[in-house]
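Structure, as structure tokens:
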């Protein structure tokens with residue numbers, strides 16, 4: 026037992042002595058023989074301006090990197106990958122890092138310096154990425170090929186998918202950002218790698234993993250959405266990689282609006298066709314966000330016959346297929362559903378159909394809507410105090426239009442007036458309506474006025490007789506003239522019998 030204990034003590038003593046000798050050698054050796062810590066988790070912290078390590082980034086000619094040799098500052102420093110894809114390093118010379126990730130390059134340098142350093146710990150950080158060429162297509166404002174330089178995205182940033190989308194003018198409103206595809210050449214094979222990204226996760230939860238860092242030669246394709254979700258349209262339009270809102274939009278508004286046709290919508294400017302108009306009388310701020318209501322306002326507002334429950338936006342996508350987006354502005358009026366006010370994009374056409382029927386209550390609410398015109402023109406002619414073109418509120422009843430014209434003159438036929446209306450299909454209707462100033466809005470007895478309606482107020486029969494008598498008994502010369510005038514008066518009054 027004593028012999029076994031003695032042998033064990035000798036073995037422990039030898040181990041301790043050996044460790045002490047190694048420590049002395051390490052402390053007295055030059056920097057070339059510095060013993061590196063055995064714990065690979067202990068590394069020098071990177072500088073604040075450095076980029077985080079990214080195993081997906083492949084080094085190439087033009088990249089500028091920072092190499093840290095832990096506890097060996099004479100080897101540490103900034104290096105640039107040469108045109109042949111190598112790094113020219115002290116003591117070991119050229120080391121090829123072309124096509125390698127940062128971690129692979131770090132491991133390679135650790136192997137190359139193993140003959141000079143004991144257990145070397147090497148960390149490579151990307152300082153400035155080299156220019157890369159990427160392509161982008163699909164639902165993007167300016168598809169094509171782009172050369173991304175450090176000055177384009179910032180010296181301390183690498184190129185991501187959202188960066189390139191922004192450079193290309195932003196996505197269109199028809200984009201499906203849940204299925205963005207990135208095609209990437211495989212470094213070791215002749216095939217292509219297909220990566221699918223969901224940028225909706227980036228918008229909703231800030232998932233940066235979906236914002237892929239791009240490599241030289243990557244190709245981005247943004248597909249067209251099968252349907253437009255109104256709940257997502259507003260969020261998509263507000264994204265920083267959406268198409269810029271201050272760019273003029275060429276749109277068209279057709280159907281039940283007062284001035285249908287093409288428009289160019291830009292902040293502070295309204296242009297119909299080629300004739301610019303100022304935005305006096307309209308809230309300038311409403312032009313900042315191009316939406317359906319803004320376009321309707323530019324087109325003069327909806328008519329009283331508009332079916333706002335079935336407004337449709339036709340949108341031409343990049344693949345040539347037109348999307349049809351149905352909107353219900355009645356929800357916007359009744360419940361404040363702003364999702365119905367769809368953001369527009371270049372080339373959109375807004376179609377407002379004709380309603381089959383509108384109740385008086387609905388007509389009143391429509392007249393007060395912000396996308397209805399403030400005034401319409403009703404022409405009142407004949408025996409009223411202020412005949413002519415009278416500006417009135419939309420859907421005002423006939424009796425109030427008469428009051429806006431000053432009311433009847435003493436010579437007016439007060440019981441009945443004639444309403445003449447030019448219909449959208451080009452036809453003209455004419456009907457006589459009994460006037461009742463106590464009557465509310467009623468399509469049969471007190472109809473709502475439409476733009477360019479004509480109200481004719483005729484003279485009463487008695488006033489006509491008085492005028493005729495006045496003409497007859499006007500000063501004449503000679504007895505024959507007076508006698509003839511009396512005969513004419515008798516004839517008019519049907520008293521000749």
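Residue numbers (this note's numbering): 26 to 522. Cβ coordinates follow ideal geometry from the N, Cα and C atoms, glycine included. The structure displayed is predicted, hence computed values, not measured ones.
Bridge partners - residue i, DSSP secondary structure assignment
i, result
"residue 395", "DSSP, once it has assigned bridges, lists no residue as partnering residue 395."
"residue 208", "219 and 244"
"residue 229", "Bridge partners of residue 229: none, in fact."
"residue 236", "Beta-bridge pairing links residue 236 to no other residue."
"residue 104", "90"
"residue 478", "403"
"residue 416", "402"
"residue 124", "Beta-bridge pairing links residue 124 to no other residue."
"residue 433", "409"
Where the alpha helix (DSSP H) through residue i begins and ends
i, result
"residue 354", "354–360"
"residue 113", "Per DSSP, residue 113 belongs to no alpha helix (DSSP H); it is in the beta strand (DSSP E), 111–114."
"residue 258", "255–263"
"residue 96", "No alpha helix (DSSP H) holds residue 96; DSSP gives it neither H nor E."
"residue 186", "186–192"
"residue 323", "317–323"
Same chain only: Cβ atoms within 7 Å of residue i, ignoring 5 sequence neighbours per side
i, result
"residue 250", "199, 200 and 201"
"residue 262", "198 and 368"
"residue 260", "228"
"residue 168", "161, 162 and 193"
"residue 417", "400, 401, 403, 426, 429 and 474"
"residue 310", "The predicted model places residue 310 with a pLDDT of 38, which falls under 50 and marks its position as unreliable, so this point remains unresolved."
"residue 344", "249"
"residue 196", "164, 165, 190, 202, 247, 266, 267 and 268"
"residue 326", "282, 283, 396, 397 and 398"
"residue 219", "206 and 208"
"residue 419", "329, 392, 397, 398 and 401"
Cutoff 8 Å; reference residue i; Cβ partners in own chain excluding five residues on either side
i, result
"residue 82", "126, 127, 151, 154, 183, 238 and 240"
"residue 363", "259 and 357"
"residue 33", "Reliability fails at residue 33, whose pLDDT of 45 lies under 50, so the model's placement of it is uncertain and the value that follows must be treated cautiously. None."
"residue 189", "159, 161, 171, 173, 239 and 245"
Beta-carbon contacts of residue i that lie in its chain and below 6 Å, excluding the five residues immediately before and after
i, result
"residue 559", "No statement about residue 559 is possible, as the shown extent of the chain runs from 26 to 522 and does not include it."
"residue 318", "366 and 396"
"residue 223", "203 and 235"
"residue 273", "289 and 291"
"residue 72", "Here the model assigns residue 72 a pLDDT of 36, short of 50, so the residue's position is not dependable, and the following value carries that caveat. Excluding residues within five positions, none has a Cβ falling inside 6 Å."
"residue 254", "none"
"residue 244", "160 and 208"
"residue 441", "457 and 459"
Minimum C-alpha distance to residue i - residue among the options
i, options, result
"residue 207", "221, 215 and 216", "221"
"residue 94", "281, 409 and 146", "146"
"residue 477", "446, 458, 454 and 230", "446"
"residue 392", "354, 142 and 421", "421"
"residue 406", "372, 380, 346 and 444", "444"
"residue 159", "148, 174 and 149", "174"
"residue 130", "474, 142, 91 and 166", "91"
"residue 473", "486, 401 and 440", "401"
"residue 423", "115, 103, 456 and 143", "456"
"residue 321", "466, 349, 254 and 394", "394"
"residue 459", "475, 453 and 482", "482"
"residue 124", "386, 111 and 359", "111"
"residue 398", "116, 252 and 331", "331"
"residue 373", "380, 285 and 278", "278"
"residue 439", "461, 454, 453 and 376", "461"
"residue 333", "342, 346 and 390", "390"
"residue 187", "247, 139 and 156", "247"
"residue 284", "269, 376, 436 and 231", "376"
"residue 97", "361, 138, 252 and 88", "138"
"residue 99", "84, 105, 116 and 106", "116"
"residue 85", "256, 242 and 335", "242"
"residue 431", "412, 441 and 122", "412"
"residue 385", "378, 315 and 471", "471"
"residue 383", "415, 468, 336 and 409", "468"
"residue 486", "349, 437, 109 and 113", "437"
Delimiting residues of the beta strand (DSSP E) encompassing residue i
i, result
"residue 11", "Outside the modelled stretch of the chain, which goes from 26 to 522, sits residue 11, for which no answer is possible."
"residue 88", "Segment: none, residue 88 is in no beta strand (DSSP E) and carries neither H nor E."
"residue 121", "118–121"
"residue 160", "157–163"
"residue 173", "169–173"
Output the residue ranges of the alpha helix (DSSP H) runs that lie fully inside the region 326–384 and measure 4 residues or longer, sorted by chain position.
354–360
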